[in-house]
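Residue numbers (my numbering): 22 to 421. Yeah, the Cβ is synthetic: ideal placement off N, Cα and C, and Gly gets one too. Everything numeric in this text was worked out from a predicted model, so none of it was measured. The structure under discussion appears below in the form of structure tokens.
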Ligand code: NI
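What follows is the structure, given as structure tokens:
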């Protein structure tokens with residue numbers, strides 16, 4: 022590829038007002054997971070104005086744009102998630118959410134705007150691109166089973182040699198970017214648990230089986246899955262997040278309903294956890310004459326970044342932003358359905374610092390006051406464009 026860095030820089034400068042405008046439009050018009058009708062339409066119509074894209078709608082709320090260069094070469098997929106969260110925004114900003122009960126509280130508005138900007142810049146360089154860049158605008162990252170797996174099933178990711186995705190991140194200060202190989206986001210599985218006893222009068226517990234007392238035992242003993250039954254060098258979370266039983270003070274209820282989540286980075290450990298939980302629950306309930314019913318659902322797989330693709334993205338980021346700006350991210354026990362793409366191609370999921378405590382922009386993701394420092398948009402778009410160009414070059418050199 023014969024590219025003049027000054028040309029790329031001026032294209033990036035020129036697209037900034039667009040990216041800012043798109044982000045603010047999307048922020049004002051959030052749509053929750055699996056309801057991104059207008060968002061997908063907005064993305065589609067915006068992409069239609071760029072030259073050289075082949076647009077498809079592989080699933081109901083997704084948009085995929087293929088930019089095929091003038092010479093054959095590797096295929097890179099770039100993913101942005103486009104959904105909002107069921108939160109009522111508490112920010113007082115001119116582009117605040119106009120949809121009560123919906124809010125871009127995780128920055129997916131920024132992801133969508135940045136990838137639109139990236140597409141616009143790369144379209145302008147199409148005559149010198151060798152290979153293909155596939156821009157994937159994905160619905161429903163926030164709601165399992167998620168929008169990524171159906172896109173993979175649709176064939177939209179077929180033939181891809183590498184896949185990357187970026188997330189704006191307020192725990193990281195704006196001006197930094199973060200990439201690492203290996204474990205990045207955990208698998209996120211869920212479970213529902215019912216403990217069945219035998220209800221009766223609270224004054225005569227010996228005539229029944231108290232599911233509340235057994236549930237309490239079960240919760241305490243399930244904490245030992247992490248502390249006693251699995252390798253301490255492999256991070257694991259077992260959280261009980263719901264417990265419901267009973268209606269009043271003088272009745273022992275028949276059953277207690279619990280629910281929770283399990284997070285892990287290790288596929289083997291992840292497979293073992295339901296069996297260990299069964300063993301604990303069997304023992305605890307049998308000891309007290311109760312019964313249980315565990316329904317365990319496997320959710321998003323862990324995001325394990327590919328060493329080679331991560332190193333190439335890091336090279337691109339170092340070249341653009343310098344050693345001081347590029348940091349190693351802490352892996353997160355949060356889940357991400359970007360992992361679905363990693364079953365199709367090696368890739369990396371990296372972070373764009375977006376927090377700024379001095380400006381009051383340091384609320385955590387999924388908070389009703391979450392907001393990003395919009396300087397992150399410029400940095401993110403620049404990071405994506407240069408990561409894409411560098412990856413195409415490296416994949417080509419590696420013979421893909
Ligand atoms: Ni997110």
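For residue 56, the three-state DSSP class (helix, strand or coil)
Here residue 56 refers to the residue found at position 35 when the chain shown is read from its first residue. The DSSP-derived three-state label of residue 56 is coil.
Identified DSSP bridge partners for residue 263:
Along the chain shown, read from residue 1 onward, the residue named residue 263 stands at position 242. For residue 263, DSSP records a beta bridge to 280.
Contact test: residue 162 Cβ vs the ligand NI heavy atom, cutoff 7 Å:
Start at 1 with the first residue of the chain shown, and residue 162 comes out as number 141. Because some heavy atom of the ligand NI lies under 7 Å away, the Cβ of residue 162 counts as near it: yes.
Beta carbon of residue 374, beta carbon of residue 109: below 8 Å?
Start at 1 with the first residue of the chain shown, and residue 374 comes out as number 353. Start at 1 with the first residue of the chain shown, and residue 109 comes out as number 88. Their beta carbons are not under 8 Å apart, which means residue 374 does not touch residue 109 by this criterion.
Going by DSSP in three states, residue 301 sits in which element: helix, strand or coil?
Here the question's residue 301 lines up with position 280 in the chain shown. Helix at residue 301.
Cβ of residue 106 within 8 Å of Cβ of residue 135?
The residue you call residue 106 lines up with position 85 of the chain shown. The residue you call residue 135 lines up with position 114 of the chain shown. Cβ atoms of residue 106 and residue 135: not closer than 8 Å.
Residue closest to residue 121, alpha-carbon to alpha-carbon, out of 329, 286, 50, 212:
Here the question's residue 121 lines up with position 100 in the chain shown. For the residues 329, 286, 50, 212, the minimum Cα distance to residue 121 belongs to 50.
Ignoring anything shorter than 4 residues or poking outside the stretch 317-376, list the alpha helix (DSSP H) runs there in chain order.
Listed in chain order, the complete alpha helix (DSSP H) runs (minimum 4 residues) inside the stretch 317-376 are 328-342.
Please report how far the alpha carbon of residue 298 lies from the alpha carbon of residue 223, in whole angstroms.
Start at 1 with the first residue of the chain shown, and residue 298 comes out as number 277. Start at 1 with the first residue of the chain shown, and residue 223 comes out as number 202. Cα to Cα, residue 298 sits roughly 29 Å from residue 223.
How long is the line joining the alpha carbons of residue 141 and residue 71, rounded to whole angstroms?
Walking along the chain shown from the start, residue 141 turns up at place 120. Walking along the chain shown from the start, residue 71 turns up at place 50. Residue 141 and residue 71: Cα-Cα distance of roughly 6 Å.
Taking 7 Å as the cut-off, is the C-beta of residue 411 nearer than that to any heavy atom in the ligand NI?
Looking up residue 411 in the chain shown gives position 390. Flag unset: Cβ of residue 411 not near the ligand NI.
Whole-number beta carbon distance between residue 128 and residue 46, since they are thought to touch under 8 Å
For the purposes of this step, residue 46 is taken as the residue at position 25 of the chain shown. For the purposes of this step, residue 128 is taken as the residue at position 107 of the chain shown. Not a contact, Cβ separation roughly 15 Å.
Meets three-Cβ-pair contact criterion under 8 Å: the stretch 204-211 and the stretch 350-359:
Cβ pair count under 8 Å is three or more, so yes.
Limits of the unbroken alpha helix (DSSP H) element including residue 217:
Start at 1 with the first residue of the chain shown, and residue 217 comes out as number 196. Here residue 217 belongs to no alpha helix (DSSP H); instead the beta strand (DSSP E) covers 208-217.
Using DSSP's beta-bridge definition, name the partner residues of residue 100.
By 1-based counting over the chain shown, the position of residue 100 is 79. Residue 100 pairs with 157, 186.
What is the DSSP secondary structure of residue 125, reduced to helix, strand or coil?
Along the chain shown, read from residue 1 onward, the residue named residue 125 stands at position 104. Note: residue 125 maps to coil in three-state DSSP.
Kindly indicate which three-state DSSP category residue 89 falls into: helix, strand or coil?
Counted from its first residue, the chain shown places residue 89 at position 68. Of the three classes helix, strand and coil, the one that applies to residue 89 here is strand, per DSSP.
Terminal residues of the beta strand (DSSP E) in which residue 75 lies
Locating residue 75 in the chain shown gives position 54, counting from the first residue. Taken as a continuous stretch (DSSP letters only), the beta strand (DSSP E) holding residue 75 covers 74-77.
Who are the near neighbours of residue 250 in its chain, counting only those whose CB is closer than 6 Å to its CB and skipping five residues on each side?
As a first step, residue 250 must be located in the chain shown, where it is residue number 229. Correct list, in chain order: 297.
For residue 186, is the beta carbon positioned less than 7 Å from some heavy atom of the ligand NI?
The residue labelled residue 186 in the question sits at position 165 within the chain shown. No, Cβ of residue 186 sits at least 7 Å from all heavy atoms of the ligand NI.
Tell me the rounded alpha-carbon separation between residue 337 and residue 328.
Translated into positions along the chain shown, residue 337 becomes position 316. Translated into positions along the chain shown, residue 328 becomes position 307. The straight-line gap from Cα to Cα measures roughly 14 Å.
State whether the stretch 177-185 contacts the stretch 88-108, with contact taken as three or more CB pairs (one from each stretch) at a distance under 8 Å.
The stretch 88-108 and the stretch 177-185 touch, with three or more beta-carbon pairs separated by less than 8 Å.
If you follow the alpha helix (DSSP H) that residue 171 is in, where does it begin and where does it stop?
Here residue 171 corresponds to residue number 150 of the chain shown, with the count starting at 1. Residues 169-174.
Span of the alpha helix (DSSP H) around residue 36:
Translated into the one-based positions of the chain shown, residue 36 becomes position 15. In the DSSP annotation of this structure, the continuous segment of the alpha helix (DSSP H) that includes residue 36 starts and ends at 26-49.
Local conformation of residue 192 per DSSP, three classes
Mapped onto the chain shown, residue 192 falls at position 171. DSSP, read as helix, strand or coil, puts residue 192 in strand.
Proximity winner among 366, 63, 60, 150, relative to residue 414 (alpha-carbon distances):
On the chain shown, position 393 is the one that residue 414 refers to. Among 366, 63, 60, 150, the Cα nearest to that of residue 414 belongs to 150.
Quick check: does the Cβ of residue 407 come within less than 7 Å of any heavy atom belonging to the ligand NI?
Within the chain shown, the letter at position 386 stands for residue 407. Residue 407: no, Cβ never under 7 Å from the ligand NI.
Please classify residue 248 as buried or exposed, where buried requires at least 16 other C-beta atoms within 10 Å of its C-beta.
Stepping through the chain shown from its first residue, residue 248 is reached at position 227. Residue 248 should be labelled exposed.
Where residue 130 sits in the DSSP three-state scheme:
Indexing the chain shown from 1 puts residue 130 at position 109. Helix at residue 130.
Residue 48: beta carbon under 7 Å from a heavy atom of the ligand NI?
On the chain shown, residue 48 is found 27 positions in, with the first residue counted as 1. No, since every heavy atom of the ligand NI falls outside the 7 Å radius drawn around the Cβ of residue 48.
From residue 59 to residue 209, what distance separates their C-alpha atoms?
Stepping through the chain shown from its first residue, residue 59 is reached at position 38. Stepping through the chain shown from its first residue, residue 209 is reached at position 188. If you take the alpha carbons of residue 59 and residue 209, they lie about 29 Å apart.
Within the present structure, is the beta-carbon of residue 128 separated from the nearest heavy atom of the ligand NI by less than 7 Å?
Taking the first residue of the chain shown as position 1, residue 128 is located at position 107. In this structure, the ligand NI has a non-hydrogen atom nearer than 7 Å to the beta-carbon of residue 128.
Verify whether the separation of the beta carbon atoms of residue 177 and residue 85 is less than 8 Å.
By one-based count along the chain shown, residue 177 stands at place 156. By one-based count along the chain shown, residue 85 stands at place 64. Their beta carbons are under 8 Å apart, which means residue 177 touches residue 85 by this criterion.
Would you identify the three-state DSSP class for residue 314, choosing helix, strand or coil?
By 1-based counting over the chain shown, the position of residue 314 is 293. In the three-state DSSP reduction, residue 314 falls in the strand class (E or B).
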